[in-house]
Amino acid sequence: MPSYKLTYFDIPGIAQHIRYILSYANQPFEDVRLNSKEWPKLKENYPYGKLPIFEIDGKVFNQSNAIARYLAKQYGLNGKSDLETLEVECLADTLVDLRNGLSAIFYEKDGEKQRELTRNLLQNLFPTYLKKFEEIAAKSTSGWLVGSQITWADLFFASSLALFEEKFPGVLKSYPALTALVEKVENIPSIKAYLEKHQK
Ligand SMILES: N[C@@H](CCC(=O)N[C@@H](CS)C(=O)NCC(=O)O)C(=O)O
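Its first residue numbered 406, the sequence shown is counted upward by one per residue in my numbering.
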């Protein structure tokens, strides 16, 4: 069995779904969390100066969703057909579009611009994207976003939506199907055990 090591900061951020996928599969992995205060000194040691990175038997890979897709495939979390996989990918990439609206706020140094980005996130991006995601989740008969079984899209959505709610409490309150998805994922025994150990 290969050895897996995930390196990121000590936050959910853009690595939480990778941790969820590995935990869901009961796959042992080294969960390395760097101190963000020390990051400027460490940055040059990492490809492109960015995290997360994922090591498989010492070989280094970057890009969170390339890593997530690879692992999802190993564990059968990629949809049951090519068409389902396409649905999963479309949802994941659309979620990245929304999440970029959140990260832009954290990268913006100018206070006024930051407030404008936050306004745009709360008044435009969240309502537009979450309404559509809610419709998709509400239509599901399985309780999962795509098809009849869990995919990494569910793990990606649940971890990201929980992060949105943590940053902007109440943001999910008008979206019961999305809230139910977060709860359903957080109650999967292996995910629950992971969250109890690391966060909650
Ligand atoms: N598209 C990349 C984005 C990587 C990225 O921007 N990572 C951020 C953390 S969320 C980072 O390393 N920031 C530290 C820096 O740029 O110095 C991915 O999905 O992995």
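Glycine included, every Cβ here is placed at the ideal spot set by N, Cα and C. Bear in mind that the values here come from a model prediction, so they are computed numbers and not experimental data.
Note that the C-beta distance between W557 and A477 is below 8 Å. Within the stretch 491-555, no run of beta strand (DSSP E) reaches 3 residues while sitting entirely inside it.
Residue state for V590 is assigned as helix, using DSSP reduced to three classes.
Taking a 10 Å sphere around the C-beta of S547, we find fewer than 16 other C-beta atoms and assign the residue as exposed. Secondary structure at D415: coil, using DSSP grouped into helix, strand and coil. Here the stretch 583-590 lies against the stretch 558-565, with 3 or more beta-carbon pairs under 8 Å apart. Look at L568: its beta carbon is at least 7 Å from all of the heavy atoms in ligand 1.
In the DSSP assignment, the residues bridged to L439 are F414.
Annotation for F466: the continuous beta strand (DSSP E) segment containing it runs K464 to N467. Distance between D436 and D415, taken at the CA atoms: about 10 Å.
Counting along the chain, F459 sits inside the beta strand (DSSP E) bounded by residues I458 to I461. Counting only residues whose CB is nearer than 7 Å to a non-hydrogen atom of ligand 1, the list in chain order is F414, G418, I419, W444, K448, G454, K455, L456, P457, N467, Q468, S469, N470 and S508.
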